[in-house]
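This report concerns only the one structure given below.
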Amino acid sequence: MNSEFSVKKNKKSIVKILAIVSGVVVAAIILYMIISYKKSLHYYELECQSNEGHITIIYNKSKITGYSASKISYNLVQQQNEAQKMGIDNYISQFSDWFEDTTTGTCTIEEKYR
Numbered sequence: 002m003n004s005e006f007s008v009k010k011n012k013k014s015i016v017k018i019l020a021i022v023s024g025v026v027v028a029a030i031i032l033y034m035i036i037s038y039k040k041s042l043h044y045y046e047l048e049c050q051s052n053e054g055h056i057t058i059i060y061n062k063s064k065i066t067g068y069s070a071s072k073i074s075y076n077l078v079q080q081q082n083e084a085q086k087m088g089i090d091n092y093i094s095q096f097s098d099w100f101e102d103t104t105t106g107t108c109t110i111e112e113k114y115r
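Per my numbering, the sequence shown starts with residue 2, numbered consecutively.
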């Protein structure tokens with residue numbers, strides 16, 4: 002009789018442990034999804050304006066995601082590759098310096114959320 006009681010008690014303990022572990026795993030997955038979603042809503046715009054034209058480069062902490070330009074040409078795919086090679090922060094800094102050195106304009110960075 003004691004062994005039967007012990008088996009039932011062990012089964013209940015295992016079920017409780019599995020429920021707790023499952024709850025922790027589900028909570029971790031939900032937390033990861035929330036953090037990933039918030040990161041996807043966060044981006045930056047490098048806005049460069051001059052008499053010669055303007056360009057806005059849209060990017061996040063890992064890559065260039067788009068741009069808009071007027072009177073200035075910009076090869077998105079080529080520049081995405083350059084940014085990937087040198088790192089996005091370095092690319093943005095160098096692009097801003099280049100723009101300010103070769104035009105009459107300036108650049109500013111704005112942090113945005115969708």
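Ideal Cβ positions, reconstructed from N, Cα and C, are used throughout, including at glycine.
For this session: Could you check if A28 is buried or exposed, using at least 16 other CB atoms within 10 Å of its CB as the buried criterion?
Result: Along the sequence shown, read from residue 1 onward, the residue named residue 28 stands at position 27. A28 comes out exposed.
Exercise. With distances taken between CB atoms, is the gap from C108 to S97 smaller than 7 Å?
Worked result: Counting from 1 along the sequence shown, the entry for residue 108 is found at position 107. Counting from 1 along the sequence shown, the entry for residue 97 is found at position 96. Contact flag set, yes.
Exercise. For Y92, is the classification buried or exposed, using 16 other Cβ atoms within 10 angstroms of its Cβ as the cut-off for buried?
Worked result: As a position in the sequence shown, residue 92 is number 91, starting the count at 1. Its Cβ being crowded by 16 or more others within 10 Å, Y92 is buried.
Problem set entry | Unbroken stretches of the beta strand (DSSP E), 3 residues or longer, contained in the region 49–92 | 54–60, 65–71
Problem set entry | Beta-bridge pairing of K113 - partner residues as DSSP gives them | Numbered from 1 along the sequence shown, position 112 holds the residue referred to as residue 113. Its beta-bridge partners are Y44.
Exercise. Roughly how many whole angstroms lie between the Cα atoms of L32 and G88?
Worked result: Taking the first residue of the sequence shown as 1, we reach residue 32 at position 31. Taking the first residue of the sequence shown as 1, we reach residue 88 at position 87. Taking the straight line from one Cα to the other gives about 28 Å.
Exercise. Do you know offhand how far I110's Cα is from Q85's?
Worked result: Working through the sequence shown from its first residue, we reach residue 110 at position 109. Working through the sequence shown from its first residue, we reach residue 85 at position 84. Going by the C-alpha atoms only, they are around 19 Å apart.
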